[in-house]
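Chains as they are written, first to last, in my numbering: chain A, 3 to 314; chain B, 3 to 314; chain C, 3 to 314; chain D, 3 to 314.
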């Protein structure tokens, strides 16, 4: 039980510090945050242990959201703290969390606010989702950077150029060659998250496996309704009164991955397929950009085929 | 072309009347309305012919909603007129419409505001949809009357009694016997519309066929997602971020009938199955009562497996 | 009663044509439409007279939406017909409608689908609404053309350039001079509709009067809540759980003009003013673009300080 | 610093327990919960101190939601723990929290799941909100009990009777006498929360002050739009495209209290005042019942004139 010794030691320090800091003013505009996502089987003391770890190292918790599922006994937590005066450096934090993770059998991810994720946006010809992401980025609405746009057609090059983002045209052609090229581009640009913005190609199972929970797709229906091709035609055919769009992580099973975000819009008999497509475009971009925002803020935890989204 | 003669004749009358009535004040609170629903292949002159028919017989159109589907070439119309000073009696109107229907190959239905449809509500044990319908009725929100509540369990008897509506308990038991009893009850109460308010029995194909487009069911999911049993469990399992409810006409194919109305609500990872069921109950009653209201206002036309809903 | 003679004459012709055309197939993809908007005190025969006018001149009505307000006795109608084989030319149609308008005391507007309205978008520095309009336009979603972008700052020039739309920078400075310049630009570009896309200047009463019901503004609140400056700050202060955006015609009274469209989004205590602004931007662009689309499709009638929106 | 001694002592115990319990299974269906709401100026160590307090007394945290407002530096927390094996009894918990509250200058409230709040519903003649609350209660959807219905008219007596809830008719008449009677009824029934379900009387400032943040009202508009009388008439007059309803705590300023929940519905020009009222009734009951549910689950904290709602 390795955690015992550091814990007890730290607590002594903590108690001393407690006296000193008790009336210390809150650091009101922290410039540096760490976000910890934790996921494990629930047991008593998890919140206390993790919040105490932050406290006794002089971190101030600014946001904590924790949930235990009664039916599965699963524990999920998102903890954000101000690291401005934290005693441990990043390696130290990781080491300490590693020890606790072993003790408690935690799955965890740690993110620092100044280590901004780098995105690749994959597109084909439809521009609306790409514009929305690039605009959100340029308005400072995303906690990450769009490093490159990859497309299997050249049409959207000028859009990327307008926003000063590199554009790489990789024609579909030979599957293996394109994938190798894609992987090279992602590596070259330091990409950690791929966003499929109405990208009309299917990624290989190997690629999907390597990028598990790091590829976000937009499907133009309210999943699980209307999987597969031409969902607006399907919706028109079925006569639904509401259509939707779904952002999800890509898995080997098409349109079956964990859902991050969904939105809907009312339609009527007056809406032909073209109207559904237009209304759908509005939904697609909203939903995809929101899902990307949530992912970049480290608000999404995947458990099985479901997500826990600690949204603001 | 039988329509020619009456049309021309009526127009002469119409022109005379035109002069006389030109500055006549609008009858502002008409107590008697007729609602005509029409559905046919589109051809020129339909609106003119029908509105002229109303006009030259001294009816005043108070609401007209017409739509032609570009892709199918199908024409749909809902026409409401004030019959306070109409020249033709009800039989005369039906006769005239019959002639026009033959000429134009129309499907049509005609309803008079004072001939209120009579409903049977079918229920089992869940009270929420039943309460909602009975309350809406007692508040004067429905253009029809709840004539009887039919249930395969006795539990909801006091609810019906509270609203002074007859309650008939028909245990599920022998299928043929219960159906015979149901048919007898509907006949006895002059019922023209059946509403399945979380009724947990399946109606026979013969019954469904006899009551085509006159049985309204509420399904507790956003169809076509989660057909069949336990949709909230399915929704929880799939991890959707939005749940829904769907009111539809019952057809021989379970959960496949023409959709009248749908609504949705956001859910999160914090919502267990019980929470989904609670949020769902709120949706189910809203959606079912709205669908019943639309049906009773003669706003719903069925074409194939889709509905045209001329909602206010 | 001038209308009588042409009416009777036309009807004779109409009856002949009636026989000939009766089984003529519907012209399924009409390329030319006329849209008539009518607004008057209700009297009997209006729909019949107007639809008959279309019919006897060989027009086919493809969409008709009519509503009479019971409380005010006001009649509103939107009538769209296919003019492919219409007997009258545009001047002829206008002349005939002029006669009917006098007889019935109608207010009316007539629009032909190939006479596309030309828009000026007024902006300052915020790009989101401008992008949305330009993107909608480039996707063919608007029934009109963005002729020019006018801004009191140069910042958005590259956005207009990216979409190949002329950009005119008119610094705020001298009020009279800028307004004169604005009027000249609008005239030069044949503009008929002005859209204020988060334009941070107030137009003069004279300008507003000259462009009555032809200037569309987006206000970043759910009007009439939070009129005036800094509505997101006001919303945060009041602790509302839902924020909104409102598109309206500009009148002399700030934020008081007839409302065309509104939308809302949920917010929570976690949303600071910046979050409200971000969520608000998403609403503002949606609502403004929808309002512009509705206006360009000639779906909006103004009566007093309210609009009738015949939306699809 | 009184908190130091118990803290250190408890921690020694905690460390021992830590070893013993480490792999103890989660108590999966805790029957007893405590909910702590805390509100104070933020300082470091708050979450650690409070979660550690729970941990070292053998409580298991099942839900924790914490938020610090960057702009005001205010800290809000809702902490739910399983008390099945808790070392302290209720008096002990309150004593310990009292000590911590002094040290940290906390505002706090503590609730035990088996101490169900008792509600009085105040009504006049409109039944819809009352039915909704009574039905929700009878379906087990509320974490509290409806102890009594108080009305200034006798009409709703049968509704209360149907749900087996005592009904007290207190005619409006003499203000002082009715208020005295109301206070007596609340005392007699052990009421801790009053819900105004379309209650058409104004409570006295003294009454409101005595029941601060314990009276929930439903206002039939989207506040702050349309304060005061006849909001649906106001909405119709202003021509809004969306209407709403707002549940809020009652304060001395009419319609100005802290907002708990809001919802909206689309309306169109076809909706007369009666339609707005009907759509509004659907909103009012939803919003009021949701607000009551949130309050009874101890999810609502008031700070100034705003609420923090930790909703599920």
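Glycine is no exception: its CB is placed at the ideal position from the N, C-alpha and C atoms.
Would a C-beta distance cut-off of 8 angstroms place residue 262 of chain A and residue 309 of chain A closer than the cut-off?
Position 260 of the first chain, counting from 1, holds the residue named residue 262 of chain A. Position 307 of the first chain, counting from 1, holds the residue named residue 309 of chain A. Their beta carbons are under 8 angstroms apart, which means residue 262 of chain A touches residue 309 of chain A by this criterion.
Keeping to the same chain, check which residues put their C-beta closer than 6 angstroms to that of residue 202 of chain D; ignore five residues upstream and five downstream.
Position 200 of the fourth chain, counted from the first residue, corresponds to residue 202 of chain D. The answer, listed in chain order, is 126.
Report the residues of the stretch 121-139 of chain C with a CB closer than 8 angstroms to any CB of chain A, ordered along the chain.
Listed by position, the residues of the stretch 121-139 of chain C near chain A (Cβ gap below 8 angstroms) are 129, 130, 133 and 137.
Could you work out which residues of chain C lie near residue 261 of chain D, taking near to mean beta carbons separated by less than 8 angstroms?
Translated into the one-based positions of the fourth chain, residue 261 of chain D becomes position 259. The contacting residues are 240, 241, 242 and 243.
When the cut-off is 8 angstroms and only beta carbons count, does residue 68 of chain B lie next to chain D?
Here residue 68 of chain B is taken as the residue at index 66 of the second chain, counted from 1. No, its Cβ sits nowhere closer than 8 angstroms to a Cβ of chain D.
Can you pull the chain A residues whose beta carbon is under 8 angstroms from the beta carbon of residue 227 of chain B, in chain order?
Residue 227 of chain B sits at position 225 when you count from the first residue of the second chain. The answer, in chain order, is 224, 225, 226 and 227.
Which two residues bound the contiguous alpha helix (DSSP H) that contains residue 189 of chain C?
In the third chain, counting from the first residue as 1, residue 189 of chain C sits at position 187. First-last of the alpha helix (DSSP H) with residue 189 of chain C: 177-190.
Within 8 angstroms, do at least three Cβ pairs link the stretch 85-93 of chain B to the stretch 160-177 of chain B?
Verdict: no, contact absent.
How do the stretch 183-193 of chain D and the stretch 109-117 of chain D stand: do at least 3 beta-carbon pairs fall below 8 angstroms, yes or no?
No, they do not touch.
Could you check if residue 27 of chain B is buried or exposed, using at least 16 other CB atoms within 10 Å of its CB as the buried criterion?
Position 25 of the second chain, counted from the first residue, corresponds to residue 27 of chain B. Annotation note: pLDDT 33 at residue 27 of chain B (below 50); position unreliable, no value reported.
Taking residue 101 of chain C as the reference, give the member of C/55, C/146 and C/139 with the closest Cα.
Within the third chain, residue 101 of chain C is the residue found at index 99, counting from 1. When each option's Cα is compared against that of residue 101 of chain C, the closest is C/55.
Sort out for me which residues DSSP pairs residue 251 of chain D with in a bridge.
Against the fourth chain, residue 251 of chain D aligns to sequence position 249. Its beta-bridge partners are D/218.
If residue 124 of chain D and residue 178 of chain D are in contact, beta carbons under 8 angstroms, what's the gap, nearest whole angstrom?
On the fourth chain, residue 124 of chain D is found 122 positions in, with the first residue counted as 1. On the fourth chain, residue 178 of chain D is found 176 positions in, with the first residue counted as 1. No, residue 124 of chain D and residue 178 of chain D are not in contact; Cβ-Cβ is about 17 angstroms, not under 8 angstroms.
Taking 8 angstroms as the threshold (beta carbon to beta carbon), is residue 355 of chain C in contact with chain B?
As shown, chain C starts at 3 and ends at 314. That puts residue 355 of chain C outside it, with no answer to give.
Could you tell me the distance, in whole angstroms, from the CA atom of residue 152 of chain C to the CA atom of residue 250 of chain C?
Along the third chain, read from residue 1 onward, the residue named residue 152 of chain C stands at position 150. Along the third chain, read from residue 1 onward, the residue named residue 250 of chain C stands at position 248. Answer to the nearest angstrom: the Cα atoms are 19 angstroms apart.
Name the chain A residues that come within less than 7 angstroms of residue 73 of chain B, Cβ to Cβ?
In the second chain, the residue the question calls residue 73 of chain B occupies position 71. 274, listed in chain order.
Since residue 83 of chain C and residue 36 of chain C should fall inside the 8 angstroms C-beta cutoff, what is the C-beta to C-beta distance between them, to a whole number of angstroms?
By one-based count along the third chain, residue 83 of chain C stands at place 81. By one-based count along the third chain, residue 36 of chain C stands at place 34. With a Cβ gap of about 6 angstroms, residue 83 of chain C and residue 36 of chain C count as contacting.
How about residue 65 of chain C: is its C-beta nearer than 8 angstroms to some C-beta of chain B?
Position 63 of the third chain, counted from the start, is the residue given in the question as residue 65 of chain C. Yes, because at least one Cβ of chain B sits closer than 8 angstroms to the Cβ of residue 65 of chain C.
Look at the Cβ atom of residue 70 of chain A, then the Cβ atom of residue 64 of chain D, and state whether they are nearer than 8 angstroms.
Numbered from its first residue, the first chain carries residue 70 of chain A at position 68. Numbered from its first residue, the fourth chain carries residue 64 of chain D at position 62. The answer is yes: Cβ separation under 8 angstroms.
Among D/67, D/74, D/72 and D/87, which has the Cα closest to the Cα of residue 80 of chain D?
If you number the fourth chain from 1, residue 80 of chain D lands on position 78. It is D/67 whose Cα lies nearest to the Cα of residue 80 of chain D.
Going by beta carbon distance, what residues of the same chain come within less than 8 angstroms of residue 286 of chain A, once the five residues before and after it are set aside?
Walking along the first chain from the start, residue 286 of chain A turns up at place 284. Same-chain partners within the cutoff: 130, 131, 200, 220, 222 and 247.
Can you give the Cα-Cα distance for residue 302 of chain C and residue 217 of chain C, rounded to whole angstroms?
Locating residue 302 of chain C in the third chain gives position 300, counting from the first residue. Locating residue 217 of chain C in the third chain gives position 215, counting from the first residue. If you take the alpha carbons of residue 302 of chain C and residue 217 of chain C, they lie about 13 angstroms apart.
With the cut-off set at 8 angstroms, would you say residue 39 of chain D and residue 305 of chain D are in Cβ contact?
Taking the fourth chain and counting its residues from 1, one reaches residue 39 of chain D at position 37. Taking the fourth chain and counting its residues from 1, one reaches residue 305 of chain D at position 303. Their beta carbons are not under 8 angstroms apart, which means residue 39 of chain D does not touch residue 305 of chain D by this criterion.
Looking at residue 78 of chain A and residue 107 of chain A, is the spacing between their C-beta atoms short of 8 angstroms?
Within the first chain, the letter at position 105 stands for residue 107 of chain A. Within the first chain, the letter at position 76 stands for residue 78 of chain A. The answer is no: Cβ separation not under 8 angstroms.
Would the beta-carbon of residue 141 of chain C fall within 8 angstroms of that of residue 294 of chain C?
Within the third chain, residue 141 of chain C is the residue found at index 139, counting from 1. Within the third chain, residue 294 of chain C is the residue found at index 292, counting from 1. The answer is no: Cβ separation not under 8 angstroms.
Helix, strand or coil for residue 204 of chain A, going by three-state DSSP, please let me know.
The count along the first chain starts at 1 and reaches residue 204 of chain A at position 202. It is coil, neither helix nor strand.
Out of curiosity, what's the CA-to-CA distance linking residue 155 of chain A and residue 175 of chain A?
In the first chain, residue 155 of chain A corresponds to position 153, counting from 1. In the first chain, residue 175 of chain A corresponds to position 173, counting from 1. When rounded, the distance between both Cα atoms is 11 angstroms.
Can you have a look at residue 44 of chain B and say buried or exposed, based on whether 16 or more other CB atoms are within 10 angstroms of its CB?
As a working mapping, residue 44 of chain B is identified with position 42 in the second chain. When all chains shown are included, residue 44 of chain B counts as buried.
What in chain D is Cβ-close to residue 280 of chain B, meaning under 7 angstroms?
On the second chain, residue 280 of chain B is found 278 positions in, with the first residue counted as 1. Those within 7 angstroms of residue 280 of chain B in chain D are 143.
Which same chain residues, not among the five before or five after residue 244 of chain C, have their C-beta less than 6 angstroms away from its C-beta?
Indexing the third chain from 1 puts residue 244 of chain C at position 242. Same-chain partners within the cutoff: 266 and 268.
Could you name the residues of the stretch 161-193 of chain B whose beta carbon sits closer than 8 angstroms to any beta carbon of chain A, in the order they occur along the chain?
Answer in chain order: no residues at all.
Near residue 32 of chain D, what residues of its chain come up, given a Cβ to Cβ distance below 6 angstroms and the 5 sequence neighbours on each side ignored?
Residue 32 of chain D sits at position 30 when you count from the first residue of the fourth chain. Interpretation of residue 32 of chain D is limited by its pLDDT of 41, a score under 50 that renders its predicted location unreliable; no figure is taken from the coordinates.
Is any beta-carbon of chain B found at less than 8 angstroms from that of residue 101 of chain C?
Counting from one through the third chain, the residue named residue 101 of chain C turns up at place 99. By this cut-off, residue 101 of chain C is not an interface position.
Just to confirm, are residue 198 of chain B and residue 150 of chain B a CB contact at a threshold of 8 angstroms?
Working through the second chain from its first residue, we reach residue 198 of chain B at position 196. Working through the second chain from its first residue, we reach residue 150 of chain B at position 148. It is not a contact, given that the beta carbons lie outside the stated cut-off.
Does the separation of the CB atoms of residue 191 of chain C and residue 122 of chain C fall below 8 angstroms?
The residue labelled residue 191 of chain C in the question sits at position 189 within the third chain. The residue labelled residue 122 of chain C in the question sits at position 120 within the third chain. Cβ atoms of residue 191 of chain C and residue 122 of chain C: closer than 8 angstroms.
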